[in-house]
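Comments concern the structure below.
Number of protein chains: 2
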Amino acid sequence: MSCSLAQPSDTSPKRSAILKAGAQLFMASGYANVSMDAVAKEAGVSKATLYAYFSGKEALFSAIVGERCTAIAAESEEMASHAESTGAALRELGRVWIRFLMSPQSLAIHRTVIAECARFPDLARGFYEAGPGRGRAWLGRRLAEAQQQGELRADADPLVAADHLVGLIRGDLYMQAMLGGPVPDDAAMDAVVDAAVAVFLRAYGVPSPR
Amino acid sequence: MSCSLAQPSDTSPKRSAILKAGAQLFMASGYANVSMDAVAKEAGVSKATLYAYFSGKEALFSAIVGERCTAIAAESEEMASHAESTGAALRELGRVWIRFLMSPQSLAIHRTVIAECARFPDLARGFYEAGPGRGRAWLGRRLAEAQQQGELRADADPLVAADHLVGLIRGDLYMQAMLGGPVPDDAAMDAVVDAAVAVFLRAYGVPSPR
DNA sequence: GTCTATATACAGATAGAC
DNA sequence: GTCTATCTGTATATAGAC
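Protein chains in written order, with the numbering used here: chain D, 770 to 979; chain V, 770 to 979.
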């Protein structure tokens with residue numbers, strides 16, 4: 770993966786403080802609107818110390834996004850524990866996933882990475898592969914298993930089905946949220962997931978025997 | 770709409786050149802990475818002239834995005850001419866729409882507006898309403914008509930159905946493209962649309978009489 | 001390693017001649 | 001209106017003392 774991972778070896782408290790402060794500021798205001806002075810002040814260190822840990826602003830940004838990559842990958846794996854793949858299980862999975870996607874943290878990292886896609890193309894690709902791409906592949910495998918167990922239409926491409934399920938749940942919410950629109954409350958998200966899973970099962974469920 | 774429209778009254782060639790140059794640079798490199806010097810140079814005017822037409826960088830950016838809003842709204846209306854709403858007509862509509870969404874221009878304006886969502890929240894909202902929101906509402910009305918004509922399940926919410934159709938077509942393509950991934954070729958886009966419409970009709974079409 | 005103070009560069013915006 | 005030349009602030013990055 771091009772998203773070179775942060776080594777867990779360095780656990781210096783100053784380094785952690787810098788990363789935390791940088792993440793907060795970059796996510797809130799964007800890469801260009803945050804000065805190294807601001808990061809140093811927020812982290813409670815001097816600028817010289819900051820430059821002792823990171824060779825420059827770009828390196829700091831890369832390290833921060835890299836850490837979020839690993840965190841998101843870990844969360845994706847965590848979601849994988851929500852196992853089964855039909856009916857109530859799909860709804861439960863969808864509820865967890867839509868809350869994750871609509872969380873302020875997720876929206877902020879998406880905005881930030883998309884914004885700097887031109888300046889840091891490798892970072893954007895690495896982010897996709899660590900986050901959305903990994904989740905997509907995992908869901909595709911889950912649906913393939915469900916298909917082999919006869920819970921899904923035999924003529925379906927599991928990866929296409931995964932895209933469809935995700936697309937149905939996401940609907941217009943992601944676009945609205947990314948463009949500063951309101952984030953729905955829990956009840957609204959649940960309703961969206963219920964409707965999406967119902968449609969998915971109508972299209973992909975095996976015809977009930979009559 | 771909060772996206773105050775650019776008056777077509779001012780057709781000064783220098784103004785047009787500035788807007789064109791600014792749009793090109795902002796879309797390619799992002800708001801913060803483009804200097805007013807660069808815009809002036811690209812437009813072939815001096816910086817003082819630039820400031821004679823626009824009070825500052827933010828005003829220039831707002832004017833550019835505002836123009837794209839009207840252009841996108843016009844294109845949405847144009848798409849509305851692709852009328853009917855089932856089967857082949859939905860596929861045709863989807864093909865036009867996915868090409869529009871995946872076009873370099875569309876991706877660039879989305880990236881730019883999302884990137885500056887924090888600094889220009891009104892602009893982002895206006896963009897949503899002029900672009901994605903308008904298209905969504907239009908599709909919802911079309912599907913409501915189709916429903917009244919018995920071409921769509923009677924128990925469906927047309928706006929939810931619109932979200933589902935759009936989500937099915939978009940799938941993972943938008944996320945991938947926004948994060949710097951490859952844009953699919955025409956054949957791949959057509960295949961995506963065909964699969965999406967097929968699923969949509971399985972879920973939302975009226976059960977065929979037997 | 002950590003700090004204060006500073007070098008260097010470039011951005012946005014303007015003054016004044018024509 | 002348009003240009004050249006310039007002002008002023010601020011950003012990244014570093015030098016040197018402790």
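Note that CB positions come from ideal geometry on N, CA and C, so glycine has one too. Only a predicted model underlies this, so the values are computations on that prediction, with no experimental measurement involved.
Just so you know, the alpha carbons of Lys816 of chain D and Ser804 of chain D end up roughly 10 Å apart. Judged by DSSP in its simplified three-state form, Tyr800 of chain D adopts coil rather than helix or strand. Burial state of Asp954 of chain V is exposed, judged by a 10 Å Cβ sphere holding fewer than 16 other Cβ atoms. Bounds of the alpha helix (DSSP H) holding Phe869 of chain D are 857 to 871.
The straight-line gap separating the alpha-carbon atoms of Ile938 of chain D and Glu920 of chain V is approximately 24 Å. Taking 4 residues as the minimum length, the alpha helix (DSSP H) runs contained wholly in the segment 894 to 928 of chain V are 901 to 917, in order along the chain. Note on the segment 805 to 843 of chain V: whole alpha helix (DSSP H) runs with a minimum of 4 residues are 805 to 812, 816 to 822, in chain order. Linking Arg910 of chain V to Glu847 of chain V through their CA atoms gives a straight-line distance of about 16 Å. The distance from the Cβ of Phe795 of chain D to that of Cys838 of chain D is about 14 Å, inconsistent with a contact at the 8 Å cut-off. For the pair Ile867 of chain D and Leu819 of chain D, the CB atoms are not nearer than the 8 Å cut-off.
Counting C-beta pairs with one atom in each stretch, the segment 859 to 875 of chain D and the segment 921 to 933 of chain D have fewer than three that are closer than 8 Å, which means they do not touch. Taking C-alpha positions only, Ala913 of chain V is separated from Gln793 of chain D by approximately 44 Å. When the five nearest sequence neighbours on each side are left out, the beta carbons in the same chain lying within less than 6 Å of the beta carbon of Phe823 of chain D are those of Leu829, in order along the chain.
Taking 7 Å as the upper bound on Cβ-Cβ separation, chain V lies near residues Gly936, Leu937, Arg939, Gly940, Asp941, Met944, Gln945, Met947, Leu948, Gly949, Gly950 of the segment 936 to 956 of chain D. If you compare the alpha carbons of V:Leu876, V:Ala842, V:Arg905, V:Val814 with that of Ala931 of chain V, the shortest gap goes to V:Arg905.
Distances from the alpha-carbon of Met944 of chain D to those of V:Ala809, V:His879, V:Asp806 put V:His879 closest. Sequence-ordered contacts of the segment 794 to 809 of chain V with chain D read Ala797, Ser798, Gly799, Tyr800, Ala801, Asn802 [C-beta pairs closer than 9 Å].
The alpha carbon of Leu870 of chain D has as its nearest neighbour, out of D:Ala858, D:Pro901, D:Ala843, the alpha carbon of D:Pro901.
Judged by DSSP secondary structure, Ala946 of chain V falls within the alpha helix (DSSP H) whose first and last residues are 942 to 947. Inclusion of Leu859 of chain V and Val966 of chain V in the CB contact set at 8 Å is warranted, their separation being smaller than that value. Considering only beta carbons, the part of the segment 884 to 897 of chain D lying closer than 8 Å to chain V consists of Ala884, Glu885, Cys886, Ala887, Arg888, Pro890, Ala893, Arg894, Phe896, Tyr897, in chain order. Assigned with DSSP and collapsed to three states, Ala786 of chain V falls in helix. Gly799 of chain V and Asp959 of chain D have their alpha carbons spaced roughly 36 Å apart.
Put simply, the CB of Asp959 of chain D is far from chain V, with every gap to its CB atoms at 8 Å or more. Taking the Cβ atoms as the reference, Arg903 of chain D lies roughly 10 Å from Ala843 of chain D, outside the contact range of under 8 Å. About 28 Å separates the beta carbons of Cys886 of chain D and Leu908 of chain V, which is beyond the 8 Å limit, so they are not a contact pair. Apart from the 5 residues on each side of it in sequence, Leu970 of chain V sits with its Cβ closer than 8 Å to the Cβ of Thr855, Gly856, Leu859 in its chain, given in chain order. In this structure, Leu892 of chain V sits near Ser831 of chain V, with a CB-CB distance shorter than 8 Å. In the DSSP assignment, Ala964 of chain V falls within the alpha helix (DSSP H) that extends over 955 to 973. CA-to-CA, the gap between Leu934 of chain V and Arg888 of chain V works out to about 32 Å. With a contact defined as Cβ atoms closer than 8 Å, Ala972 of chain V and Val968 of chain D qualify at about 4 Å. Taken through DSSP and simplified to helix, strand or coil, Ser781 of chain V comes out as coil. The alpha-carbon of Ser785 of chain V is positioned some 13 Å away from that of Ala821 of chain V. Between Gly791 of chain V and Val808 of chain V, the gap from beta carbon to beta carbon is short of 8 Å.
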